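Q:
In this note's numbering, the protein residues as written are 583 to 698.
Structure below.
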């Protein structure tokens, strides 16, 4: 309880770095579309070649793509995988949720997985 109160106070004091460190310690997943942290460098999406100021979707192999490009990619195929040539990492339901696909797309993915 004491730690929760301390963290709450840090948030109220706008001490973002302490909160970010806490989230990193408990391994909270960074979601696509979230703003970059102050210590994170800007990066370029390899699909649209745009400089990014937000987190992108990232596969376990470290390949990162912007939220917008991943949204288009997921809409284009029933079973999306990492767009990096040769990676082959298949996206799971958690990835689609992180990319914030429309509910009907998520349901289509779930139904296709059940049929597979």
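Glycine included, C-beta positions come from ideal geometry on N, C-alpha and C.
Source: prediction; values computed, not measured.
1) Using a Cβ-Cβ cut-off of 6 Å (strictly less than) and excluding sequence neighbours within five positions of residue 694, which residues of its own chain qualify?
2) Report back the beta-carbon spacing between residue 624 and residue 633 to the nearest angstrom; my notes put them in contact at under 8 Å.
3) Assign residue 648 to buried or exposed, taking buried as 16 or more other Cβ atoms, counted over all protein chains shown, within 10 Å of its Cβ.
4) With a Cβ-Cβ cutoff of 7 Å, do residue 673 and residue 665 count as a contact?
5) Could you tell me the boundaries of the alpha helix (DSSP H) in which residue 698 lies?
6) Work out the CA separation of residue 615 and residue 637 for me, nearest whole Å.
7) What does DSSP give as the partner residue(s) for residue 632 in the beta ladder?
8) Given a cut-off of 7 Å on the beta-carbon distance, is the pair residue 629 and residue 651 in contact?
9) Decide if residue 678 is buried, meaning its Cβ has at least 16 other Cβ atoms within 10 Å, or exposed.
A: Considering the structure as presented:
1) Translated into the one-based positions of the chain shown, residue 694 becomes position 112. Correct list, in chain order: 660.
2) Taking the chain shown and counting its residues from 1, the one referred to as residue 624 is at position 42. Taking the chain shown and counting its residues from 1, the one referred to as residue 633 is at position 51. That pair is a contact at about 5 Å.
3) Looking up residue 648 in the chain shown gives position 66. Buried, by the Cβ-count rule.
4) On the chain shown, residue 673 is found 91 positions in, with the first residue counted as 1. On the chain shown, residue 665 is found 83 positions in, with the first residue counted as 1. Taking 7 Å as the Cβ cut-off, residue 673 and residue 665 do not qualify as a contacting pair.
5) The residue you call residue 698 lines up with position 116 of the chain shown. Premise fails: residue 698 is in no alpha helix (DSSP H) and is neither H nor E.
6) Position 55 of the chain shown holds residue 637. Position 33 of the chain shown holds residue 615. Looking at the two C-alpha atoms, the distance is approximately 5 Å.
7) For the purposes of this step, residue 632 is taken as the residue at position 50 of the chain shown. Residue 632 pairs with nothing; no bridge assigned.
8) If you number the chain shown from 1, residue 629 lands on position 47. If you number the chain shown from 1, residue 651 lands on position 69. Cβ distance < 7 Å, so residue 629 and residue 651 count as in contact.
9) The sequence position of residue 678 within the chain shown is 96, counting from 1. By the neighbour-count rule (16 or more Cβ atoms within 10 Å), residue 678 is buried.
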